[in-house]
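Numbering (our numbering), first residue to last: 457 to 641.
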């Protein structure tokens, strides 16, 4: 039953190309996370993201493998959801009373997040499903550069509720990039 569930959930990721990406290997969730992640924090985030989205629960590693492209798509989609939550929080702050520096910082961060989301949308909706990996690393890095630009601005403020959200977003972008690297980019 779990194998059927994984196949049904993984199917939409390969519809764009009609079949799995040529030359891309399949791995169990645990093996993909071990290879992609260098720290315990990233490994745990990877396991939580992939197992939850694939409906695999948190028991022993499933005996089947999934194409790495599906993992990369899922991580990119989860990163985009996190970006949207941060932009919503920034928009809420912008509708309130802020000093000039806070307003300028949050406005600039919303712009940075727009660029980051554009990069990740291209990754998740076009490049990965279409098995087009050329330029993929650059898209991930471009997204990271914009998240770090926002982070640098937030650090200049005395305190910001967006700082922690930005760090989480950066980690999710790094996870997506790390899983993307399993594709040989």
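We treat Cβ as the ideally placed atom computed from N, Cα and C, and that holds for glycine.
| query | result |
| --- | --- |
| To the nearest angstrom, how far is the alpha carbon of residue 553 from that of residue 571? | 26 Å |
| Pick helix, strand or coil for residue 543, following the three-state DSSP scheme. | helix |
| With DSSP collapsed to three states, give me the class of residue 567. | helix |
| What are the start and end residues of the alpha helix (DSSP H) that includes residue 611? | 592 to 612 |
| Spatial neighbours of residue 607 within its chain, please: C-beta separation below 8 Å, excluding the five flanking residues on both sides. | 619, 622, 623 and 626 |
| Do you know offhand how far residue 488's Cα is from residue 523's? | 10 Å |
| Out of 565, 591 and 632, point me to the one whose CA is closest to residue 498's CA. | 632 |
| Going by the CB atoms, is the gap between residue 568 and residue 605 shorter than 8 Å? | yes |
| Out of curiosity, what's the CA-to-CA distance linking residue 637 and residue 535? | 16 Å |
| Which partner residues does residue 483 have in the DSSP bridge list? | 522 |
| Helix, strand or coil: how does DSSP classify residue 459 here? | In this predicted model, residue 459 has a pLDDT of only 37, less than 50, meaning its place in the structure is not dependable enough to derive any value. |
| Can the beta-carbon of residue 505 be found less than 8 Å from the beta-carbon of residue 483? | no |
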